[in-house]
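Asks: Going from the sequence shown to this note's numbering is simple: count from 1 and add 32.
Dropping a structure here in C-alpha cells format, bear with me for questions.
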Amino acid sequence: MIRVIYRWRVEPERQAEFAIWWHEGTLRIRASEPGAMGSTLCRSTEDPDCFVGIARWVTRDHVEAFWERTGIGALEFRGTATESIEILDELDHLTVDTHL
C-alpha cells in the first residue's frame with residue numbers, strides 16, 4: 033500500500049465547497065479506479081487555510097495510471113493552490129475505523 037499526501041491552501045470562502053468536492057471526488061474515485069482505497073481530508077489546527085488530503089492506493093502504479101488517465105489537474109479546485117504532492121510507502125496501518 034501507498035499513501036499520497038496532497039497539501040492545498042484554500043481561500044476561506046471556498047473551504048466548505050472544497051470539502052464537499054474532496055468527499056464526492058473520493059467516493060467517485062474509490063468506486064471507479066482500480067487500486068483506489070479512499071482518502072482522509074484534514075485541516076491544520078495551526079493554519080485553517082491549509083488542507084491535507086491523505087489518499088490510500090494499492091500501488092504507486094495504480095495512482096500514476098489514474099493521474100495519467102485524468103491528468104493531475106483533476107485534483108485542482110478553483111480558489112486553491114496545490115502546495116505539494118508526496119507519495120509514501122505505507123509500512124504499517126493501525127487505524128481503527130469506527131462509525132460515529
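Glycine included, C-beta positions come from ideal geometry on N, C-alpha and C.
These numbers come from a predicted model, not from an experiment.
What are the start and end residues of the alpha helix (DSSP H) that includes T102?
Replies: As a working note, residue 102 is residue 70 in the sequence shown. First-last of the alpha helix (DSSP H) with T102: 92 to 102.
Asks: What whole-angstrom Cβ distance do G85 and S76 have, given they're in contact under 8 Å?
Replies: Within the sequence shown, residue 85 is the residue found at index 53, counting from 1. Within the sequence shown, residue 76 is the residue found at index 44, counting from 1. The Cβ separation is near 12 Å, so there is no contact.
Asks: Going by the CB atoms, is the gap between A87 and V128 shorter than 9 Å?
Replies: Residue 128 sits at position 96 when you count from the first residue of the sequence shown. Residue 87 sits at position 55 when you count from the first residue of the sequence shown. No, the pair does not count as a contact, with Cβ atoms beyond the cut-off.
Asks: Give a yes or no on whether the C-beta atoms belonging to G111 and R46 are separated by under 9 Å.
Replies: The residue you call residue 111 lines up with position 79 of the sequence shown. The residue you call residue 46 lines up with position 14 of the sequence shown. For G111 and R46, yes; Cβs fall inside 9 Å.
Asks: Are the beta-carbon atoms of E115 and W54 separated by less than 9 Å?
Replies: Locating residue 115 in the sequence shown gives position 83, where the first residue counts as 1. Locating residue 54 in the sequence shown gives position 22, where the first residue counts as 1. No; because the gap between Cβ atoms is not below 9 Å, this pair is not in contact.
Asks: To which residues of the same chain is R62 closer than 6 Å at the C-beta, ignoring the five residues directly before and after it?
Replies: As a first step, residue 62 is located in the sequence shown; it is residue number 30 there, counting from the start. Hits under 6 Å: A68, G70.
Asks: Quick one: grab the DSSP three-state call for E122.
Replies: Numbered from 1 along the sequence shown, position 90 holds the residue referred to as residue 122. It is coil, neither helix nor strand.
Asks: Could you give the DSSP three-state label for T58: helix, strand or coil?
Replies: Working through the sequence shown from its first residue, we reach residue 58 at position 26. Reduced to three states, the DSSP call for T58 is helix.
Asks: Tell me, please, which residues DSSP counts as bridged to T112.
Replies: Along the sequence shown, read from residue 1 onward, the residue named residue 112 stands at position 80. Bridge partners of T112: V42.
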